[in-house]
Structure formats: C-alpha cells, structure tokens
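Report on the structure given below.
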Amino acid sequence: MVRYLSDIWFGFISILSSMAITLRYLFTPAITVQYPEEKREMPLRAMNKHYLTVDLDTGKLKCTACDLCAVICPTKCIHIVGQGKGKVRHPVEFDIDHNLCMYCNLCVEVCPFDAITMWTGNYEFGGFSRTDLFIDIRELTAPGFVPSPMTPRLPAAKAAKAPARK
Amino acid sequence: MATRVITRPPTADELMATRASETMEEMYVNMGPQHPSTHGVLRLLLKLDGEIVLDVWPYIGYLHRCHEKIGENREYIQIIPYTDRLDYLASMYNNFGYVHAVEKLAGVTPPERAEYMRVILGELQRIASHLIWLGTFGLDLGNFTIFMWCFREREMVLDLFEQVSGQRLNYSFFRIGGMPMDFPEGWIGDCKAFLEWFKPRLKEYDRLSTDNIIWQKRTQGVGVLTQEDARAYAVSGPMLRSTGIKWDLRRNDPYSIYDRFDFDIPVGERGDVWDRFWVRRREMEESIKIVEQGLRDIPPGPIMAKVPTAIKPPVGHLYSRVESPRGELGDYIVSDGSKRPYRYKVRSPAYVNLSAISVMLPGCLVADAVAVLGSIDIVLGEVDR
Amino acid sequence: MGAMVPMPVAHHEQLVDRFYAAFAAWGVPWLVPKLIIMLVVVSIIIGFISVAAMFLIWWERKISAHIQARFGPMRVGGWHGWAQSIADGIKLLLKEDIIPRGADRAVFILAPMVVFASALAAYVVLPFGPGLIVTDLNIGILYIIAISSLTVLGIIMAGWSSNNKYATLGAMRSAAQTISYEVPLVVSLLGPIILAGSLSMTKIVEAQRHLWFIVPQLVAFLTYFTCAVAETNRLPFDIPEAESEIVAGFHVEYSGMRFAIFFLAEYANMFTVCAIATTMFLGGWAGPGPEVLAPFWFLGKTFFLLFVMLWLRWSLARVRVDQLMYLGWKVLLPIAFANLIVTGVAVLVV
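Chains as they are written, first to last, in the working numbering: chain G, 1 to 166; chain V, 1 to 385; chain D, 1 to 350.
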C-alpha cells in the first residue's frame, strides 16, 4: 500500500520535473542554422571537393602525374594521363570520379608535391546525374590559393590577398 | 549453459496456415527490414501469442558489403577508410582496433603523443556513440525531445572531429604507426570547453530519463539477460557489464596506454534494459574523465613512427581486440608477408550481442521488443559487415 | 428556443425573432429559417474547428521545435511558417484516395465521418461566453460524455473495415484504452457537478463566480486532465498512433482527406476536452474586464490547457499498454472515487 502511494507521488513529481526542464528549453534560443540563408563556417581541415593546386608564381599545376595518388586510392577513382618526362612532366587528363571517392585523404597525404588538396570548403557540388560527379582536370584546377596540409596558409607576402579562414 | 532450445523459423506453409486461421492466438509478425526502430536494416520475425513474444528469429545480411573480402584486395593502409564504415557511429574506434592489430603484427610502436591522441579521440567517440544510442533509445520509447538534445551534443563532438580530421562521420584518421595530423591550434581549448558544456547536460538528460517514472517503468525488469546466458552467448561491452560481470578490455586486457588512466567501470545488477541504459550513461561520465586526463597529460612530440606507406608485416597471424562502445571489437589478420593481408576478419560486437536477443525477447510484451532491441545498441554496418 | 446564434448577447434575440418574422411574412414555413440558422451555426462551428485545429498543428510543431532547440516551420507563408498547416491540408486533399481491396467500403467511408461527427457534436454545448452557447441543454455535461463515447464506435469501424489484421488489433487496443479512461474521467467530473448542483454548462460556470472549482477539486482536475490526455490518444498514451510499435494504428489504411479527417477529429477532441476542463474547473468565461471580453478569457484558458497538453507530449516517454490499463483502472479510478466521496461528505457537512 505504501509502495503504491509512494509510486503515485514519485510519478507525479518526476513528471513535473521533466516538464520543468522542457519548459526551460522552450525559452532558450534555437541553435539550428537556416541553410541556405545562413551557412556554417567550415573549419580549415574540412574535406570537400578536390582541387589540384597551382604554383602561384608560374600559374601551372604542381602535379607531375607521378600516379602515387591514383595507386593509393582505395576505390581507384583517380585516372591520370601524363605527358613529358622529368621536370616537364605534367598531367593531360586528371579525372576523379566523385561517385566512388571515399574522402579518405590518402591521395593528399601521399602526394610529395603538394599538388592535390581536399581542404577546399566546396561542398555544394551535387549533381542530377552520375556524370555530373565525374570531375575533369579543368574543374579540378584551383582558381587561386587553396589551403593544403603542406601549405595551410599563404606565405606572409601574399597573405593580404587571401580570404580569411580558420 | 544456456537453457534455451534453438527452434527453427517457420516454413512458408506454417506462415500461411497461421494467416488463414480464425483465431489470432499465434501470429507471426515481421519487424523490419524497413522499420523506424530496428536501427538499420534488420528483420526480426516474431512469433506472438496476443501481446507476448514467444520466439524471435533475427534475419541479417541486408547491409553486407563484403568488407572482409575487400580487405584481402587492398593494402593495409587502404583498408583503414573501409573500417570506418563498419560501425559507422563509432568510426574512430573501428580505426583504432584495426590499426592496433596491424601494428602488433608488424611490430610497430606509435609514439607517445600519438597514443594519447588515440585515447582522447577514442573516448570522445565513445561519448558520441553513447549519445546517439541514448537519443535513439529515447525515440524508441516515445520521447522525441531527448533525441534532439543528444544530437545537439553529438554535433559538438562532430565539430571537434571535423576540426581534427576534416570529416564528420567516417574519419579514417588513424594510421599504422601513429596519426596523420596533429591537433590544430586551439583544439584542446575547444575540447575542454565542450566537456564543461557537456557535464551539466547529462544531468538534464537524467531529468527526462533516469528520474522519470515512465522511463523507469518501461525499462526496469524488462529483457533480462542472466550472467550465464551472457557468458554462453559471448556478449561483451555494456551488455555484459549490465549483467554484473565486471569485464572491460581497457582494464582487464589493457591496450594502448589505457593502464595509465584512472576511471571506474560501471556495472549493472540485474541485466535488464534499465541496467544497460544506466551502464552506458555512467560510461559517458567515465569517458569525460579519461579525456580530461588525456588532455592534461598529453606530451609534445612526433605523432608518426617511421613506417613505410606500403607496410609488409612479417608472416603470421594475430587476433587483437579493443573495447569499442558496443563491446569487444576484434581484428584477426593473417599476413603472408605481402602488402595485402591474406585474410582479414572482424569480430564485431554488435553481431554477437544481437544473437542474445533469442534469450532476452521471449516472454516480453510486443512493446518491450522495441526497447530491448534498442538496448542492445546494434549498428547494422557492423552486424553485416 | 434559447440562444441559437453566437452573436453579441444584447442583440441576437431580437435579430433571430426578426429573421423568423420575415420568413413568416413571406408565407414560408418556419422550418426553412430554422434550417438556415442551423446550417449557419454548423458552418461557423466547423470553420472554427478547422481554424483552431490548423493553428494547433502549427503551434504544436513550433513548441516541439523550440523545446528541442530548433525552429520548426519557417518558410511556408513567410513569418515562421504560419501557412504550414494550410499547405499540409492542401497536400492531403490532393492525395489519391485509396480504398483497400476487400475492405468493407461503406463502413470504411463512414468511419472517419462518425469519429468527426462525434467530435463535432460536443461543440454544441460549449459555453464560449455568457449566452454564447449553441444550445444550453440542462444536461450539458452528460450529453458531452455520452456523445464522446461514439468515437470508440468510429475507431472500431475504421479498424474492422480496413481488412488488415494489424489495423483491427490497433483499433481494439485503442478502443480498450478509450473505454478504460472514460470511467475515471466521468467519475472525476462528478466532483464539480456536485459542487455546482447542476449538469448544465452555463450553471456550472455561474457557480464558479466566487471560487474556481480547481481549488477545492484539484485532485479531480489532475485526474480529469490525465484521462483527457488518454482519451485524445496523446503522448504519453499514444500507443494507438505510435510509429515505433510494430502493430500499426487503426488508421493505417487511410490516406489523403480521410486521414486528414481523423487528424482533424483528434485536434477537435483535444479542444473539446480542454474546453470542458476550462468550464468545469477554471471558471469558464469568467475573467476581469467587461463582458465582451468573456469569449477571449474562455479561449485563453482553453489554449493554456492545450499548451499544457502539447508540453506534456514533448516531455515524456510512451506508457506501455499493460501499464496504461493499470494506471486507468487501479490508480485513476480509486483516486476519482476517493475525491467523489470526500466531495460528497464535505457538501453534506458544510
């Protein structure tokens, strides 16, 4: 009998306690971000669509078509055709199939020339068909400075022109 | 010994017979594979007598992606992104288990700082995994609010992980011999801020869950797993600890540097759903302690040992295990001296824990089936590999 | 005839008489203006229910969102998605009307109508203000209790006619729940009825002029409110509608507008039970200020109780079926009876 009554009393109090905390939350501001009007600030290392980095002095791709990234890719989504020998070797075709890409960062890690990066902040590249996600060398060429693990920031002399990111 | 007799699932004729029967005494009901509460694509065939579950047969394999076969055709470093996708809610720990196994096989020792980083990230991952479990468990019981609140905290952990590894879910952030990148500037401060924010949140969750009479009545005394059944079915992790057996690989078979940390192992009493909930809830607090100790003690230094990218472990085989948020995650690797493993097997905790459902569920009400299934904490990616 | 049209008190008697007189002057039988007035009244009530239900649905989504630290509807219609319910209604109207093969067509089509009709019929005796009541039956509250039991009939019709084993099971569980909670609901309402000395809604409101009945009848109020939440199938008692239970609800085979009618009936029922609670326990339309503000006080109190119902939904987990039965029969019914005995003794002695 005592147990029955104490259960009822405990039940009543615990329900009021749950309701109290829910009420408190009703008056705290919401934390969700209204995309696409507001966008979250992405951290520096957020991995998104690849870019092939460009040497800012010469304007040419740093990539030498050495095939290390294509070999290490677990899903074999990188396809490279290179041309030339030695110092003038460069890629003629460089395709990444983003349908297969796992975003594992192994291609960036293994590249000795700092030629490819995923720290691009470009995550809005959805397409309407699979072919929209085959990215070729023209789309992959970086438009300017893009951070990469070896060069996360511009050297001081050029820092004034770069947009700020954490 | 488990005292339950293994019954075979009904044949098609038996199913049709019950469907056509006038009385609805014994009924076969399918739960899943598409169902909001089966936490993935799992099919449970239940045999009901009115409201009581008489028997249950789980059907798995809907998410089988040939993980182990893929592992035979990839170099050791290339398998790391695939391990993420096993238990996708605790990716760091999958990576940890695999990388630890390969390092033991190859005889590589990661540097101190890398070990501390692993423990910190692993325990943060444990918090995130338990949060998602708590949220979905609350959702199964009917409480939508706790789901959203747990996800808010989980978002913060995911933000921390994104700052470190660049990814929110499948990090592949461990490497054989250490870690690929160090913590960015300010990360340790952010992590401490998160922990300070998180500690009072657990008290808030308590008011909706632990101290709430409906939650207690739904979970206490339901789906009991006895100690001998737990041993017989080889369950591990919080499910094992909820039965009263104090077994945690971080204490009983320490790996990495867990023996330097001071934390408790919460243990349940009766092995019911309440105990499983309570053990995981307490584990979140213990993980907070471990992360704080790790952040306090982490030494400066290198984060990667000198290891070739295409590593070739010596010929041999090894079974290594870690305590993932779901239980004992084991990796068995057979190496033939080449760049690719000869055989790679994963002992997934959720797969083994799920098999214990055949002793826990019979005798429960239908409404409890959802609660019991939720309390096992399965992730189908791990169950099916 | 009583007050038939919800217009300001001072004028409507004369207007109604002049309306009848006009028709009599043209030689039309009195049935015609009576029918016209009834149609107007019913349309106003249905209009009110629709607007109230749509507002409630939007409000519920907003409250649930802010409790969960998010925003809820924000886009449809501009300011905080106020037109979201309208958009949902239009979507439901445009859906294909599916009637399962093997279903009992007539019963299948009638079931949502029965549920909605019984929800609608209760509005006839709700006192929105002094004189603002469609019919002031002298058995007001008894009428409401009797009519609301018809909802069970509609639910069983829906479950049975769907030709779906799980719908039938769900319907029976829902019917069991509704019937179990009717008894303590009625017994707890007996307390204020004894204190007021009448079954008529307006007399009960007038009896609370000096003290709202919630003060002497707090236990009855809490019991009534719990039973009301169970009657309307709201969390924590929403097993008939629970998505995460295996056995689906009674309305699993309904889609489009038919489903919308069930949905609307649920919210109409919510409003009714809160309005009854306001009338019986919170003093009805009583409030400071001139009498023209009375409907606003009534609606304000009702919406406050609705807010408490919504708030309850988002704070608690679901109660299991056997625990639900235990609660209804072994906890709430004894409490309601105890309250009845104490009230009776107190009235006798004092």
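For each residue, glycine too, the CB sits at the ideal point set by N, CA and C.
query                                                                                                                               : result
Local conformation of residue 244 of chain D per DSSP, three classes                                                                : Since pLDDT at residue 244 of chain D reaches only 45, below the 50 mark, its modelled position is unreliable, and the value read off the structure follows with that caveat. If DSSP states are grouped into helix, strand and coil, residue 244 of chain D belongs with coil.
Residue 168 of chain D classed as buried or exposed, judged by whether at least 16 other C-beta atoms fall within 10 angstroms      : buried
Residue 304 of chain D vs residue 213 of chain D beta-carbon contact at 7 Å                                                         : no
Partners in chain D for residue 18 of chain G, counting only beta-carbon separations shorter than 8 Å                               : 315 and 316
Cutoff 6 Å; reference residue 137 of chain D; Cβ partners in own chain excluding five residues on either side                       : 125 and 143
Classification of residue 2 of chain D by the beta-carbon crowding that lies within 10 angstroms, buried from 16 upward             : Reliability of the predicted coordinates at residue 2 of chain D is poor, the pLDDT of 41 falling under 50, and no value is obtained from them.
Selected residue, minimal CA-CA separation from residue 141 of chain V, among D/35, D/31, D/237 and D/295                           : D/237
Nearest-angstrom Cα separation, counted from residue 351 of chain V out to residue 231 of chain V                                   : 15 Å
Spatially closest choice to residue 327 of chain V from V/63, V/51, V/48 and V/241, by CA coordinates                               : V/241
Residue 298 of chain V - DSSP class collapsed to helix/strand/coil                                                                  : coil
CB contact check: residue 175 of chain D to chain G, cutoff 7 Å                                                                     : no
Residue-level contact to chain D via CB, residue 214 of chain V, 7 Å cutoff                                                         : yes
Buried or exposed (CB count within 10 angstroms, at least 16 for buried), residue 46 of chain G                                     : buried
Same chain, Cβ closer than 8 Å to residue 2 of chain V, five either side skipped, listed in chain order                             : Residue placement at residue 2 of chain V is flagged as unreliable, the pLDDT there being 46, under the threshold of 50; the coordinate-derived value follows with that caveat. Cβ neighbours of residue 2 of chain V beyond the five flanking positions: 228, 229, 232, 233 and 359.
Proximity below 7 Å, CB of residue 93 of chain V to CB of residue 83 of chain V                                                     : no
Residue 10 of chain G at chain V interface by Cβ criterion, 7 Å                                                                     : yes
Contact check, residue 111 of chain D vs residue 157 of chain D, beta carbons under 7 Å                                             : yes
Short Cβ contact (7 Å threshold) for residue 178 of chain V with residue 304 of chain V                                             : yes
Interface partners of residue 302 of chain V on chain G, CB under 7 Å                                                               : Under the 7 Å cutoff, chain G gives no residues; its nearest Cβ is about 16 Å from residue 302 of chain V.
7 Å Cβ cutoff, residue 223 of chain V in contact with chain D                                                                       : no
Under 8 Å by beta carbon: chain V residues contacting residue 320 of chain D                                                        : 217, 218, 365, 367 and 368
8 Å Cβ cut-off: residues of chain D touching residue 149 of chain V                                                                 : 68 and 69
Pair within 7 Å by beta-carbon distance, residue 41 of chain D and residue 114 of chain D                                           : no
Nearest neighbour of residue 173 of chain V, chosen from V/133, V/154, V/199 and V/90 [CA to CA]                                    : V/90
First and last residue of the uninterrupted beta strand (DSSP E) at residue 94 of chain G                                           : 90–97
Exposure of residue 108 of chain G, with buried meaning 16 or more beta-carbon neighbours within 10 Å                               : buried
7 Å Cβ cutoff met for residue 83 of chain D and residue 72 of chain D                                                               : no
Contact with chain D by residue 73 of chain V, beta-carbon distance below 7 Å                                                       : no
Cβ pair count under 8 Å reaching 3, the region 82–101 of chain D against the region 252–271 of chain D                              : yes
Below-7 Å beta-carbon distance, residue 142 of chain V vs any chain D residue                                                       : yes
Nonlocal neighbours in the same chain, by C-beta distance under 7 Å from residue 258 of chain V, ignoring five residues either side : 119 and 250
Min CB distance residue 145 of chain V to chain D below 7 Å                                                                         : yes
Euclidean distance between Cα positions of residue 35 of chain D and residue 25 of chain D                                          : 17 Å
Of the listed residues V/347, V/106, V/372 and V/139, nearest to residue 67 of chain V (C-alpha basis)                              : V/347
Selection from D/28, D/37 and D/32 that minimises the alpha carbon distance to residue 16 of chain D                                : D/37
Within chain V, the residues that residue 235 of chain D reaches when beta carbons sit closer than 9 Å                              : 142, 143 and 144
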